[in-house]
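One structure is given here, and the rest of the page talks about it.
Residue numbers (this note's numbering): 59 to 505.
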């Protein structure tokens, strides 16, 4: 069933916006717009909406659980790491005055982060003991097998050689359960390891944007075949980051803090004549998000999966096509080759039909499908390996768009959640939802 909701009037934060207040479509679809239970991987999906709440939905878009806190992003905790208890999440718990440099996309307005159980009880939090007295977490936080938590955060300070009086630096903290920082890393101490040319380093230091790297992802490398074969760069305990503003992805050696593997920032521009050929050398990703190694046990395990936004970024900015769109890339990190991809071209659509210039995510599923969040449009969809869209959901939760007073349903990241993550007896629905046929539609991604 296609769920249609009227866009106007819209109920937002307790206030009704009149029909004359917005020049928006009068009717638009939200919720699940298509669903084939036989081809989709059936699961829950968790995300923080533009309403600053965290939502867990089933395959029919029914809200199964809501936490009244936002996550940047919402992060689930493996039950094995919390004594077998199901349904624990890491979210942002409180805000602070962000100061003059605070803006959408950084952590300067975040006071504390914490772990909540299924009922919403706070069982762990961190902020007051953080450097500077506030967590200032942004974009990622992860629970480790040793019980500690790694937090991607911001640190405002002066860095010699930069034009701006203070930079918004990217820091990583490993925090123990009692709130002590056991390990830390600071991006500005590794500028010569990110692959910049001498001229690019001058541009970085001369930038008027204090958020000069804007690292938007932190993940564990995790168990993988490369390390098993002897490549120590892919130690499961190492950390993987990516920089939106500088177009690079890197692995940090946990023991030394050094960058031991890197892709970008300088790659060949996309050639339209070979853009669908596979495999091929990695071409230029721009403003990318959610880079991570596909976990062991999943199709493509060991490869890098990344949402390539193709939004303005780089030192200098990379030249983009007039009608460019986003891509999802699966990359062999040893050969630096693209081995699978998805773009609107694979669905015989114009590039802009799949496009999120500044946020988004992509996760591989156990049956080979891929869950994609087209973030700036609040649309999630699940593709088969050959590119067929077998599930689609449009977030109905509205709030202010990043950096403005505009109203949007944007979603930073959407994550798959297995049925055994929730407490036993949690409801779910798996009723087929047939999308209406509009013209001729065909999807064929290459793998």
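We put the CB at the ideal spot given by N, CA and C, even for glycine. Remember, it's a predicted structure, so these values are computed and weren't measured experimentally.
For residue i, does the three-state DSSP call read helix, strand or coil?
i, result
"residue 468", "coil"
"residue 125", "strand"
"residue 138", "helix"
"residue 229", "strand"
"residue 176", "coil"
"residue 373", "coil"
"residue 411", "helix"
"residue 190", "helix"
"residue 211", "strand"
"residue 181", "strand"
"residue 359", "coil"
"residue 447", "strand"
"residue 206", "coil"
"residue 57", "Coverage of the chain is limited to positions 59 through 505, which leaves residue 57 absent and any answer about it impossible."
"residue 168", "strand"
"residue 89", "strand"
"residue 478", "helix"
"residue 349", "strand"
"residue 492", "coil"
"residue 382", "coil"
"residue 420", "strand"
"residue 402", "helix"
Out of the options, point me to the one whose CA is closest to residue i's CA.
i, options, result
"residue 422", "392, 387, 451, 395", "387"
"residue 88", "476, 449, 460, 487", "449"
"residue 408", "319, 382, 469", "382"
"residue 297", "257, 245, 182, 236", "245"
"residue 270", "116, 226, 236", "226"
"residue 425", "411, 96, 124", "96"
"residue 4", "170, 291, 336, 335", "Absent from the structure is residue 4, since the part of the chain shown begins at 59 and ends at 505."
"residue 123", "177, 85, 98", "177"
"residue 173", "151, 191, 228", "151"
"residue 308", "263, 251, 342", "251"
"residue 300", "274, 314, 183", "274"
"residue 194", "180, 216, 210", "210"
"residue 415", "404, 435, 313, 403", "435"
"residue 340", "263, 389, 168", "389"
"residue 402", "391, 393, 368", "368"
"residue 199", "175, 215, 165", "165"
"residue 342", "492, 378, 487", "378"
What residues in its chain sit with their C-beta under 7 Å from that of residue i, if we drop five residues either side in the sequence?
i, result
"residue 472", "103, 105, 419, 429, 431, 438"
"residue 110", "128, 457"
"residue 258", "373"
"residue 413", "383, 384"
"residue 475", "101, 102, 103, 104, 114, 134"
"residue 263", "219, 220, 221"
"residue 247", "none"
What does a CB cutoff of less than 8 Å around residue i pick up in its chain, not counting 5 residues either side in sequence?
i, result
"residue 266", "221, 222"
"residue 464", "458"
"residue 119", "61, 89, 90, 451"
"residue 440", "98, 99, 423, 427, 428, 429, 430, 447, 448, 449, 450"
"residue 371", "302, 303, 304, 305, 344, 345"
"residue 153", "167, 168, 169"
Take residue i and list the residues in its own chain whose beta-carbon comes closer than 6 Å to its own, dropping the five residues that flank it on each side.
i, result
"residue 323", "253, 304, 305, 306"
"residue 108", "455, 456, 457, 466, 467, 468"
"residue 235", "205"
"residue 288", "none"
"residue 139", "201"
"residue 126", "111"
"residue 79", "Since pLDDT at residue 79 reaches only 47, below the 50 mark, its modelled position is unreliable, and the value read off the structure follows with that caveat. None."
"residue 505", "Caution applies to residue 505, whose pLDDT of 43 falls short of 50 and renders its modelled position unreliable; the model cannot decide the point."
"residue 229", "211, 213, 244"
"residue 187", "237"
"residue 185", "169, 170, 192, 193"
"residue 232", "206, 208, 240, 241"
| Unbroken alpha helix (DSSP H) runs of length 4 or more, entirely within the stretch 244-309: which are they? | 256-264, 283-286
| So, do the stretch 347-356 and the stretch 325-336 have three or more beta carbon pairs nearer to each other than 8 Å? | no
| query | Are three or more beta carbon pairs between the stretch 274-283 and the stretch 351-364 nearer than 8 Å? | reply | yes
| query | Taking one C-beta from the stretch 141-154 and one from the stretch 474-490 each time, how about it: are there three or more such pairs within less than 8 Å? | reply | yes
| field | Contact between the stretch 158-166 and the stretch 455-473 (3+ Cβ pairs under 8 Å) | value | yes
| said: With a threshold of 8 Å, are at least 3 pairs of Cβ atoms found where one atom belongs to the stretch 389-403 and the other to the stretch 357-367? | reply: yes
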